[in-house]
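Engineer:
Numbering (this note's numbering), first residue to last: -2 to 102.
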(Lines of atoms letter the chains of each structure in order from A and count residues from 1; the text may use other names and numbers.)
(Lines give C-alpha, C1' and ligand atoms only; values in the text may rest on other atoms or scores of the structure.)
Protein backbone atom coordinates (compact mmCIF):
# COMPACT_ATOMS: atom_id res chain seq x y z
CA UNK A 1 0.00 0.00 0.00
CA UNK A 2 2.87 2.38 0.76
CA UNK A 3 4.30 1.88 -2.72
CA UNK A 4 1.01 2.93 -4.29
CA UNK A 5 0.95 6.12 -2.21
CA UNK A 6 4.59 6.84 -3.14
CA UNK A 7 3.81 6.40 -6.84
CA UNK A 8 0.82 8.73 -6.54
CA UNK A 9 2.95 11.34 -4.77
CA UNK A 10 5.59 11.12 -7.49
CA UNK A 11 2.99 12.30 -9.99
CA UNK A 12 2.09 15.35 -7.90
CA UNK A 13 3.75 18.58 -8.99
CA UNK A 14 6.11 20.41 -6.68
CA UNK A 15 3.74 23.38 -6.50
CA UNK A 16 0.83 21.12 -5.49
CA UNK A 17 2.97 19.48 -2.82
CA UNK A 18 4.00 22.92 -1.50
CA UNK A 19 0.34 23.95 -1.29
CA UNK A 20 -0.56 20.72 0.50
CA UNK A 21 2.23 21.13 3.06
CA UNK A 22 1.38 24.79 3.64
CA UNK A 23 -2.24 23.83 4.38
CA UNK A 24 -1.06 21.17 6.83
CA UNK A 25 1.29 23.71 8.46
CA UNK A 26 -1.56 26.21 8.89
CA UNK A 27 -3.74 23.53 10.49
CA UNK A 28 -0.98 22.52 12.93
CA UNK A 29 -0.31 26.19 13.71
CA UNK A 30 -4.02 26.67 14.50
CA UNK A 31 -4.02 23.59 16.74
CA UNK A 32 -0.95 24.93 18.52
CA UNK A 33 -2.58 28.34 19.06
CA UNK A 34 -5.72 26.68 20.44
CA UNK A 35 -3.64 24.58 22.83
CA UNK A 36 -1.68 27.65 23.91
CA UNK A 37 -4.90 29.58 24.50
CA UNK A 38 -6.29 26.68 26.51
CA UNK A 39 -3.06 26.50 28.51
CA UNK A 40 -3.27 30.18 29.41
CA UNK A 41 -7.02 30.49 30.03
CA UNK A 42 -8.15 27.31 31.68
CA UNK A 43 -7.40 26.17 35.20
CA UNK A 44 -5.67 22.90 34.50
CA UNK A 45 -4.24 20.42 36.94
CA UNK A 46 -0.49 19.97 36.89
CA UNK A 47 -0.85 16.67 35.03
CA UNK A 48 -3.23 18.17 32.43
CA UNK A 49 -0.90 21.13 31.97
CA UNK A 50 2.09 18.80 31.49
CA UNK A 51 0.16 16.69 28.95
CA UNK A 52 -0.86 19.83 27.08
CA UNK A 53 2.72 21.11 27.04
CA UNK A 54 3.93 17.72 25.75
CA UNK A 55 1.28 17.89 23.04
CA UNK A 56 2.38 21.43 22.17
CA UNK A 57 6.02 20.36 21.89
CA UNK A 58 4.99 17.57 19.50
CA UNK A 59 3.04 20.12 17.45
CA UNK A 60 6.08 22.40 17.36
CA UNK A 61 8.25 19.53 16.13
CA UNK A 62 5.76 18.75 13.36
CA UNK A 63 5.62 22.40 12.33
CA UNK A 64 9.43 22.54 12.22
CA UNK A 65 9.53 19.38 10.09
CA UNK A 66 6.96 20.88 7.72
CA UNK A 67 9.06 24.07 7.53
CA UNK A 68 12.12 22.00 6.54
CA UNK A 69 10.11 20.09 3.93
CA UNK A 70 8.69 23.35 2.55
CA UNK A 71 12.15 24.89 2.34
CA UNK A 72 13.39 21.86 0.41
CA UNK A 73 10.41 21.89 -1.96
CA UNK A 74 10.72 25.63 -2.57
CA UNK A 75 14.39 25.11 -3.50
CA UNK A 76 13.36 22.39 -5.93
CA UNK A 77 10.65 24.68 -7.31
CA UNK A 78 13.23 27.45 -7.87
CA UNK A 79 15.52 25.01 -9.72
CA UNK A 80 12.60 23.90 -11.90
CA UNK A 81 11.72 27.50 -12.67
CA UNK A 82 15.31 28.34 -13.59
CA UNK A 83 15.45 25.28 -15.85
CA UNK A 84 12.22 26.38 -17.55
CA UNK A 85 13.54 29.90 -18.08
CA UNK A 86 16.82 28.51 -19.44
CA UNK A 87 14.91 26.29 -21.89
CA UNK A 88 12.81 29.26 -22.98
CA UNK A 89 15.93 31.35 -23.60
CA UNK A 90 17.58 28.54 -25.58
CA UNK A 91 14.40 28.07 -27.62
CA UNK A 92 14.18 31.79 -28.33
CA UNK A 93 17.85 31.82 -29.32
CA UNK A 94 17.36 28.90 -31.73
CA UNK A 95 14.28 30.58 -33.18
CA UNK A 96 16.22 33.79 -33.72
CA UNK A 97 19.22 32.02 -35.25
CA UNK A 98 17.40 29.62 -37.56
CA UNK A 99 14.17 31.39 -38.49
CA UNK A 100 14.71 35.10 -38.06
CA UNK A 101 18.07 35.11 -39.83
CA UNK A 102 16.65 33.08 -42.78
CA UNK A 103 14.06 35.79 -43.38
CA UNK A 104 16.85 38.37 -43.73
CA UNK A 105 18.57 36.30 -46.45
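Glycine residues also receive a C-beta, built at the ideal position from the N, C-alpha and C atoms. A quick note: this is a predicted structure, and the numbers were derived from the prediction, not measured.
Can you tell me where the alpha helix (DSSP H) with residue 92 in it begins and where it stops?
Structural biologist: It spans 43 to 92 - the alpha helix (DSSP H) in which residue 92 sits, taken as one unbroken run.
Engineer: Per DSSP, what kind of secondary structure is residue 11 in: helix, strand or coil?
Structural biologist: helix
Engineer: Can you tell me which of the three DSSP states residue 40 falls into?
Structural biologist: coil
Engineer: Roughly how many angstroms lie between the CA atoms of residue 96 and residue 88, to the nearest whole one?
Structural biologist: Between the C-alpha atoms of residue 96 and residue 88 there is a straight-line separation of about 11 Å.
Engineer: Between the alpha carbons of residue 85 and residue 24, how many angstroms are there, rounded?
Structural biologist: Each residue's Cα considered, the two are about 38 Å apart.
Engineer: Do residue 98 and residue 11 have their C-beta atoms within less than 8 Å of each other?
Structural biologist: no
Engineer: Quick check: what's the CA-CA separation for residue 61 versus residue 22?
Structural biologist: 9 Å
Engineer: Starting from the Cα of residue 65, find the closest Cα among 9, 13, 8, 18 and give me that residue.
Structural biologist: Considering only alpha carbons, the answer is 18.
Engineer: Give me, in chain order, the residues of the same chain whose beta-carbon lies closer than 8 Å to that of residue 57; leave out the 5 immediate sequence neighbours on both sides.
Structural biologist: 29
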